[in-house]
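Undergrad:
2 protein chains.
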Amino acid sequence: MAKNTQFVTHIANRETDFSQWYTDVIMHADMVDYSNVRGCMVIKPYGYAIWENIQKYLDERFKETGHENAYFPIFIPESLLQKEVDHVEGFAPEVAWVTHAGSEELTERLCVRPTSETIICSMYAKWLKSYRDLPYLYNQWANVVRWEKTTRPFLRTSEFLWQEGHTLHETHEEAMEETLKMLGVYADLAEKVMAIPVIKGQKSENERFAGAEATYTMEALMHDGKALQMGTSHDLGQHFSKVYDIEYSDRNGELQNPYQTSWGVSTRLIGGLIMVHGDERGLKLPPRIAPVQAVIVPIAANKEGVLDKAIELYNSLKAQGIKVKLDDRDTVSPGFKFNEWELKGVPVRIEIGPKDIEKGSVVYARRDDFSKGEIKMDETTKRIPELLDEIQDNMFNQALEHREAHTVDATDFETFTGHIESGSGFVRAMWCGCGECEEEIKEKTGATTRCAPFEQKQLSDVCVHCGKPAKKMMYFAKAY
Amino acid sequence: MAKNTQFVTHIANRETDFSQWYTDVIMHADMVDYSNVRGCMVIKPYGYAIWENIQKYLDERFKETGHENAYFPIFIPESLLQKEVDHVEGFAPEVAWVTHAGSEELTERLCVRPTSETIICSMYAKWLKSYRDLPYLYNQWANVVRWEKTTRPFLRTSEFLWQEGHTLHETHEEAMEETLKMLGVYADLAEKVMAIPVIKGQKSENERFAGAEATYTMEALMHDGKALQMGTSHDLGQHFSKVYDIEYSDRNGELQNPYQTSWGVSTRLIGGLIMVHGDERGLKLPPRIAPVQAVIVPIAANKEGVLDKAIELYNSLKAQGIKVKLDDRDTVSPGFKFNEWELKGVPVRIEIGPKDIEKGSVVYARRDDFSKGEIKMDETTKRIPELLDEIQDNMFNQALEHREAHTVDATDFETFTGHIESGSGFVRAMWCGCGECEEEIKEKTGATTRCAPFEQKQLSDVCVHCGKPAKKMMYFAKAY
Chain Y
1 MAKNTQFVTH IANRETDFSQ WYTDVIMHAD MVDYSNVRGC MVIKPYGYAI WENIQKYLDE
61 RFKETGHENA YFPIFIPESL LQKEVDHVEG FAPEVAWVTH AGSEELTERL CVRPTSETII
121 CSMYAKWLKS YRDLPYLYNQ WANVVRWEKT TRPFLRTSEF LWQEGHTLHE THEEAMEETL
181 KMLGVYADLA EKVMAIPVIK GQKSENERFA GAEATYTMEA LMHDGKALQM GTSHDLGQHF
241 SKVYDIEYSD RNGELQNPYQ TSWGVSTRLI GGLIMVHGDE RGLKLPPRIA PVQAVIVPIA
301 ANKEGVLDKA IELYNSLKAQ GIKVKLDDRD TVSPGFKFNE WELKGVPVRI EIGPKDIEKG
361 SVVYARRDDF SKGEIKMDET TKRIPELLDE IQDNMFNQAL EHREAHTVDA TDFETFTGHI
421 ESGSGFVRAM WCGCGECEEE IKEKTGATTR CAPFEQKQLS DVCVHCGKPA KKMMYFAKAY
Chain X
481 MAKNTQFVTH IANRETDFSQ WYTDVIMHAD MVDYSNVRGC MVIKPYGYAI WENIQKYLDE
541 RFKETGHENA YFPIFIPESL LQKEVDHVEG FAPEVAWVTH AGSEELTERL CVRPTSETII
601 CSMYAKWLKS YRDLPYLYNQ WANVVRWEKT TRPFLRTSEF LWQEGHTLHE THEEAMEETL
661 KMLGVYADLA EKVMAIPVIK GQKSENERFA GAEATYTMEA LMHDGKALQM GTSHDLGQHF
721 SKVYDIEYSD RNGELQNPYQ TSWGVSTRLI GGLIMVHGDE RGLKLPPRIA PVQAVIVPIA
781 ANKEGVLDKA IELYNSLKAQ GIKVKLDDRD TVSPGFKFNE WELKGVPVRI EIGPKDIEKG
841 SVVYARRDDF SKGEIKMDET TKRIPELLDE IQDNMFNQAL EHREAHTVDA TDFETFTGHI
901 ESGSGFVRAM WCGCGECEEE IKEKTGATTR CAPFEQKQLS DVCVHCGKPA KKMMYFAKAY
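Line by line, the protein sequences give chains Y and X. Take the first sequence: its position 431, counted from the start at 1, is 431 in this note's numbering, and no numbers get skipped. Whatever position you read off the second sequence (first residue = 1), add 480 for this note's numbering.
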C-alpha cells in the first residue's frame, strides 16, 4: 500500500485570525469535539490526558497541604440555592433545572450544580460541632454546569470539569492563609508545570465571586493579547456560614460561625495552555504537562536493525519515566509523522534511521524552537531529560517575554485606550476603586480590571480614568 | 482537660438486623451521609478514599490494557436517547430531565445520563472512518443519575460515581475478547484488592443490560446471604452501531458496523466491601483497599520518649509506602482510639508505650481476627508488610469460606425454596433457559438468576422449577 505522505491541516493564521486558529488547533490536534448538546464538548483522549496531568499535580499538592477529597450531590434544591442572595443572583441566570424524574414532576426543582457552596454548606452545618473539628479541608473533583449563550471549547462551555476546595476555619487569619496558600498552589501549576507566567492579585468588587468577601486570582496573557482568568481562590468570610447556619462551640463554649474559603480551577486551563504556547504549526506543549514528551520516529523502518534500535531506545526512555511514544505506523511516511506530532505539540521528536545507527547517534528536533541536533546513543538517557528541562524553561521564558512586551503602564487615559484598542495586552494603571468608574472604562474600551496585583507600584496619585485619588494599581485587559 | 474515654457506637446487631447494621456502620465509620436531595448521598473523605483506591487500581489496569480516558457530556438529548428501543425502555423510567436553563424553557428536553452509550455512539458515528482506526478503546470516569424509588448509600442511589468503558472492534471475536478481558480486570479488583471472591458468568436475557447482546457479570455473596452484582461487561454486538449509524470502511473498502462493548463498575462496590467483610465492631477493610493500613497509637504519650519512638516508627513505615497514621490526639484515651479505628476497619493497630520501648518492641493487634502479638522494633519494617499480606489473604479466605458454606446445589424445587427462604445464600440449580419460568421462580421465592457461571456442572437434566430439559446451571439468590 502506498504510504500517506500528505498531511493536511488547514490551520488558520494565528496572527490574523486567532479565534479560528484556536478552533483549528484544538480540532486538528484531536483534543476536543463538539457534541449534540448545545455548548457541551467532548474531551477526547489527547485533551483529557492533559487534564489528568493537571489533576495529578494538583491532587498531590492538595493532599500534601492536608486536604482530603469528598463528593457531594450534583443536584441542589432550589430553596437551598436561594438562601445566599448574592450567590443566587450570580448563578440563577445560567443554571440548568431538573423538573422531572421518569414521568413524574418533582415537587421542588433541582438545579444542576454551577458550583457547590450551597450544598456543601448545608452538610457542613449538619456536621460541624466543635472548634476541635476545625479546620475542614475538603476538595471535590467534579463536573459543573453553567448554561452559556456563547461557548468555546475549554474556555467557556455549558458543562466543564473542575475541582472545588471548600474549607472551614476558626479564624479569619487562618482562612486568609488558606486562600492565599491555594492560590500559590495554582500559580505553581501554571508557572512550573504549564510554563505560563501569572499575575497574582485580588479581584475588584464587581469581578469577585458571587457571595465572597474577597476573590484572589491568577491572570495570564494569551498570545493574542487578551487575558485569561486561570484560577480563583475566595475568602468567603462568614457570609455563607451565617446564612447556612454553620456553627460550632468555640474554646469558650460559645457558638460561632466559622470562616470559609473556596477555590477552583477547571478544564479552562487547557484553553490557556493552547493560547499561550501554540504557534502556526499547532499545539506546543511544555514537557511537564505533555501526554507525550518525546516521540520516536524510525526512518526507513524496514531496513534491518532500525526498528530494533528504536524499540531499545523506547524501552530505555520509558524505564526512566519519560512519557515516550514509538510511532511505528507503516501506513504513513516519516514526514507525515513529523507534521502530525508537531501539530500535537510533542516537545521532542527523535529520529533514528540507518545512517544514525551507523554513527551511533540519533537526531532530535525540539518543538519549542525547531532546533535540531544529534545525541550519541549512549547519552540519550542523560540528554533527553535535560532537553525536556531546557524546553520547559525556554517555554516559560518565551511566555514571560511575550507578556512583558505586551504590558504597559498608563498614567493617562489616551495611552490606556490606545494600548487596549490595539489589542496588545495588559495595561497597568492606577484606579480610584469605584465600581462605576470601572464600568465606564469597560464600556469605553472593552477592558476589565483583571486584578490588583500583590506587587503594587504607585504609578501616579490619581485614577487613570476619572482623575479622583487613586486607591491601587490594577491590571486591565480585554479578557476571555 | 479530661480525656474522652467513652466511645459510643450504637451499631445494630449484624445477625438480627443486617440492614440497620449496614446503615450504622457506614454512618459511624464516617464514610457517607444523606444529603438534602432525595436519594443522593454525600461521600465523605473516608468513603471517598476507598473509591480513589479503586480508581487507582482500575485506571492503571485500563491503561495497561491499551485504554484511554475521555469525557462525554452529562446531558443527552431526548431524541438521541430514544433511538435504541430496548435501551430507552430500560432507562426512561428512571432518568432525570432538564427542561429549563436559566429562565428559558429548552426546545428539547435533556436527560441526565443514566449511562452514556447513546451520546458516545453519536460521537463514534462522527469519528470512525476506517478499519485502521479500530479498535476504539475508551473509558470515562463520571457521575450518572438513575432516579430510584428506594435508595441505600453506595448500593442504590439516584446519583453515583462509576467508570464506563466503551469500545469498538472490527470483529465479534475481538469484542468478545475485550468483554471478557475487562470482566477479568474487575474480578482481579474484587478478589486481589478487595478480598471478595466472585462468581463470573453470563446474565440471563431478562437480567441483561438494556440493548446488549450479552451481559457478563461478577456476583458476590454478602454476609447476610444476599447476592450483589459487583460489575458488568456487555457484548453489545452491532445493536447500537447499527441504530446510531457507526460505520467504517473495512479492508475491502465496504461499509461495516463495528462490534461494540461497554463495561462498568461503580461506588456500589464499596457497599459490597462493607457487607462482605464488616462485623459486629464495624468496618473491616482488606489492607490493599484500606485508606489507612496501620494506625499507631502511643500509650502514655506524655511519658518521655514515647511520642518520639512513635514518630520514628511512623516515618519508617511511611517511607516503605505503607499507608500509616499516627493518632497523637491528646483529647481522647487510647481505649477510645482502639474502638474508633476498629470501627473504621484499619487492618493493623500498633501500640507503643513505655514498657514496649523498654523491651524494644511494639504490640500489634489485627483487625481481621483480633489476634495480638509483639514485634521487635527493628523487625517492624519487615513484619508489618507481612502482616498486611497475611490479613489480606485471610480476609479473602474467610469470605470464600462463608460463600462456600452458604451455597447449595438444588435438584428439586423444595430444596431450592428452602435455601432461599432461609436467606442463606446462593443456590446452584439447572434451568430451562425460559424467561417466564425465571419470572415464576422470582415471584415464588424472591430469588433471581444471578448468572450462568463460566464453570458449569450438569447437576441434573431438567429445570429445577418447571422440569423441562435444562439448558444450563445458574446461580440463584435474593439480591441487592
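Note that CB positions come from ideal geometry on N, CA and C, so glycine has one too.
Less than 7 Å between the beta carbons of alanine 675 (chain X) and arginine 930 (chain X), yes or no?
TA: Within the second sequence, residue 675 (chain X) is the residue found at index 195, counting from 1. Within the second sequence, residue 930 (chain X) is the residue found at index 450, counting from 1. Not closer than 7 Å, so no.
Undergrad: Within 7 Å of any Cβ in chain X, is that where the Cβ of glutamate 164 (chain Y) sits?
TA: Here residue 164 (chain Y) is taken as the residue at index 164 of the first sequence, counted from 1. No, its Cβ sits nowhere closer than 7 Å to a Cβ of chain X.
Undergrad: Buried or exposed: where does aspartate 327 (chain Y) fall if 16 or more other Cβ atoms within 10 Å of its Cβ makes it buried?
TA: On the first sequence, position 327 is the one that residue 327 (chain Y) refers to. Per the 10 Å Cβ criterion, buried.
Undergrad: Return helix, strand or coil for glycine 527 (chain X), following the three-state DSSP convention.
TA: In the second sequence, counting from the first residue as 1, residue 527 (chain X) sits at position 47. Correct three-state label for glycine 527 (chain X): helix.
Undergrad: Let me know if valine 85 (chain Y) comes out buried or exposed under the rule of 16 or more other beta-carbons within 10 Å of its beta-carbon.
TA: To locate residue 85 (chain Y), count along the first sequence from 1; it is residue 85. Looking at its Cβ environment, which holds fewer than 16 other Cβ atoms inside 10 Å, valine 85 (chain Y) is exposed.
Undergrad: So, are the CB atoms of glutamate 205 (chain Y) and cysteine 40 (chain Y) less than 7 Å apart?
TA: Here residue 205 (chain Y) refers to the residue found at position 205 when the first sequence is read from its first residue. Here residue 40 (chain Y) refers to the residue found at position 40 when the first sequence is read from its first residue. Contact flag unset, no.
Undergrad: May I ask you to verify whether the region 545-555 of chain X touches the region 602-619 of chain X, counting CB pairs closer than 8 Å and requiring at least 3?
TA: A contact exists between the region 545-555 of chain X and the region 602-619 of chain X.
Undergrad: Which chain Y residues sit within Cβ distance under 7 Å of phenylalanine 956 (chain X)?
TA: Here residue 956 (chain X) corresponds to residue number 476 of the second sequence, with the count starting at 1. Within chain Y, no residue comes near phenylalanine 956 (chain X); the closest Cβ sits about 29 Å away, beyond 7 Å.
Undergrad: Three-state secondary structure (DSSP) at threonine 407 (chain Y)?
TA: To locate residue 407 (chain Y), count along the first sequence from 1; it is residue 407. In this structure, threonine 407 (chain Y) counts as strand in the three-state DSSP scheme.
Undergrad: Helix, strand or coil for alanine 799 (chain X) per DSSP?
TA: Along the second sequence, one-based indexing puts residue 799 (chain X) at 319. The answer is helix: DSSP assigns alanine 799 (chain X) an H, G or I state.
Undergrad: Whose Cβ in chain Y lies nearer than 7 Å to the Cβ of alanine 576 (chain X)?
TA: The residue given as residue 576 (chain X) occupies position 96 in the second sequence. Ordered by position in chain Y, the residues that pass the 7 Å Cβ test against alanine 576 (chain X) are Val98 and Ala101.
Undergrad: Beta carbon of alanine 655 (chain X), beta carbon of threonine 741 (chain X): below 7 Å?
TA: Along the second sequence, read from residue 1 onward, the residue named residue 655 (chain X) stands at position 175. Along the second sequence, read from residue 1 onward, the residue named residue 741 (chain X) stands at position 261. Taking 7 Å as the Cβ cut-off, alanine 655 (chain X) and threonine 741 (chain X) qualify as a contacting pair.
Undergrad: Name the chain X residues whose beta carbon is nearer than 7 Å to that of leucine 161 (chain Y)?
TA: Your numbering for residue 161 (chain Y) matches position 161 in the first sequence. Going along chain X in sequence order, the residues near leucine 161 (chain Y) (Cβ under 7 Å) are Tyr551.
Undergrad: For the region 318-337 of chain Y, which residues have a CB atom closer than 8 Å to at least one CB atom of chain X, in sequence order?
TA: Answer set for the region 318-337 of chain Y: Thr331.
Undergrad: Give the secondary structure of phenylalanine 818 (chain X) by DSSP, where H, G and I count as helix, E and B as strand, and everything else as coil.
TA: Position 338 of the second sequence, counting from 1, holds the residue named residue 818 (chain X). Note: phenylalanine 818 (chain X) maps to helix in three-state DSSP.
Undergrad: Could you list which residues in chain X have their beta carbon closer than 8 Å to that of cysteine 40 (chain Y), in chain order?
TA: As a position in the first sequence, residue 40 (chain Y) is number 40, starting the count at 1. By Cβ distance, chain X contributes Pro553, Ile554 and Phe555.
Undergrad: Helix, strand or coil, according to DSSP, for aspartate 133 (chain Y) in the structure here?
TA: For the purposes of this step, residue 133 (chain Y) is taken as residue 133 along the first sequence, with counting starting at 1. In the structure shown, aspartate 133 (chain Y) sits in a helix (DSSP, three-state: H, G or I).
Undergrad: Give me the Cα-Cα distance between lysine 722 (chain X) and proline 291 (chain Y), rounded to the nearest whole angstrom.
TA: By one-based count along the second sequence, residue 722 (chain X) stands at place 242. By one-based count along the first sequence, residue 291 (chain Y) stands at place 291. If you take the alpha carbons of lysine 722 (chain X) and proline 291 (chain Y), they lie about 34 Å apart.
Undergrad: Kindly list, in the order they appear in chain X, the residues whose Cβ is closer than 7 Å to that of lysine 44 (chain Y).
TA: One-based indexing of the first sequence puts residue 44 (chain Y) at position 44. Result: Ala550.
Undergrad: Quick check: the Cα distance between histidine 59 (chain Y) and lysine 181 (chain Y), rounded to an integer number of angstroms?
TA: Translated into positions along the first sequence, residue 59 (chain Y) becomes position 59. Translated into positions along the first sequence, residue 181 (chain Y) becomes position 181. The displayed chain sequence assigns aspartate, not histidine, to residue 59 (chain Y). If you take the alpha carbons of aspartate 59 (chain Y) and lysine 181 (chain Y), they lie about 14 Å apart.
Undergrad: Exposed or buried, which one is leucine 617 (chain X) when buried takes at least 16 other CB atoms within 10 Å?
TA: Here residue 617 (chain X) is taken as the residue at index 137 of the second sequence, counted from 1. It is buried - the Cβ of leucine 617 (chain X) has at least 16 other Cβ atoms within 10 Å.
Undergrad: Any idea what DSSP makes of lysine 444 (chain Y), helix, strand or coil?
TA: On the first sequence, residue 444 (chain Y) is found 444 positions in, with the first residue counted as 1. Lysine 444 (chain Y): helix per DSSP, three-state reduction.
Undergrad: Based on Cα-Cα distance, which residue from Y:Pro45, Y:Val297, Y:Ala187 and Y:Phe454 lies nearest to tyrosine 475 (chain Y)?
TA: Here the question's residue 475 (chain Y) lines up with position 475 in the first sequence. It is Y:Phe454 whose Cα lies nearest to the Cα of tyrosine 475 (chain Y).
Undergrad: Can you have a look at tyrosine 342 (chain Y) and say buried or exposed, based on whether 16 or more other CB atoms are within 10 angstroms of its CB?
TA: Mapped onto the first sequence, residue 342 (chain Y) falls at position 342. According to the sequence provided, residue 342 (chain Y) is glutamate. The question's tyrosine does not apply to it. Its Cβ being crowded by 16 or more others within 10 Å, glutamate 342 (chain Y) is buried.
Undergrad: Using the beta-carbon count (16 or more within 10 Å), is serine 233 (chain Y) buried or exposed?
TA: Stepping through the first sequence from its first residue, residue 233 (chain Y) is reached at position 233. Classification of serine 233 (chain Y): buried, given that the 10 Å Cβ count is 16 or more.
Undergrad: Please compile the residues from chain Y whose C-beta is within a distance smaller than 8 Å of the C-beta of isoleucine 599 (chain X).
TA: For the purposes of this step, residue 599 (chain X) is identified with residue 119 of the second sequence, where counting begins at 1. Simply Ser35, Asn36 and Val37.
Undergrad: Would you mind reading off the limits of the alpha helix (DSSP H) that contains isoleucine 420 (chain Y)?
TA: Position 420 of the first sequence, counted from the first residue, corresponds to residue 420 (chain Y). 413-421 is the span of the alpha helix (DSSP H), which, as asked, contains isoleucine 420 (chain Y).
Undergrad: Measuring alpha carbon to alpha carbon, tell me which of Y:Glu304, Y:Gln392, Y:Arg329 and Y:Pro197 ends up nearest valine 346 (chain Y).
TA: Here residue 346 (chain Y) corresponds to residue number 346 of the first sequence, with the count starting at 1. Cα-wise, what sits closest to valine 346 (chain Y) is Y:Gln392.
Undergrad: Counting C-beta neighbours from all protein chains within 10 Å, is the total for glutamate 859 (chain X) 16 or more, i.e. buried, or is it exposed?
TA: Position 379 of the second sequence, counting from 1, holds the residue named residue 859 (chain X). Exposed, because fewer than 16 other Cβ atoms sit within 10 Å of the Cβ of glutamate 859 (chain X).
Undergrad: Tell me whether the beta-carbon of aspartate 368 (chain Y) lies closer than 7 Å to the beta-carbon of asparagine 394 (chain Y).
TA: Locating residue 368 (chain Y) in the first sequence gives position 368, counting from the first residue. Locating residue 394 (chain Y) in the first sequence gives position 394, counting from the first residue. Yes, the pair counts as a contact, with Cβ atoms nearer than the cut-off.
Undergrad: Between which two residues does the beta strand (DSSP E) carrying threonine 587 (chain X) extend?
TA: Here residue 587 (chain X) is taken as the residue at index 107 of the second sequence, counted from 1. Counting along the chain, the beta strand (DSSP E) containing threonine 587 (chain X) begins and ends at 584-592.
Undergrad: Check whether chain X comes within 7 Å of proline 93 (chain Y), counting only Cβ atoms and requiring the distance to be less than that.
TA: Sequence index remark: in the first sequence, residue 93 (chain Y) carries index 93 (1-based). Taking Cβ atoms only, chain X reaches closer than 7 Å to proline 93 (chain Y), which makes this a yes.
Undergrad: Straight-line CA distance for tyrosine 978 (chain X) to glycine 762 (chain X)?
TA: Any property of residue 978 (chain X) remains undetermined from this structure, which presents chain X solely from 481 to 960.
Undergrad: Just verifying my parser: in three-state terms, what is the DSSP assignment at tyrosine 216 (chain Y)?
TA: As a position in the first sequence, residue 216 (chain Y) is number 216, starting the count at 1. Three-state DSSP puts tyrosine 216 (chain Y) in a strand.
Undergrad: What is the DSSP secondary structure of aspartate 858 (chain X), counted as helix, strand or coil?
TA: Along the second sequence, one-based indexing puts residue 858 (chain X) at 378. In the structure shown, aspartate 858 (chain X) sits in a helix (DSSP, three-state: H, G or I).
Undergrad: State whether the region 429-446 of chain Y contacts the region 456-475 of chain Y, with contact taken as three or more CB pairs (one from each stretch) at a distance under 8 Å.
TA: In short, these stretches touch, since the Cβ pair count reaches three.
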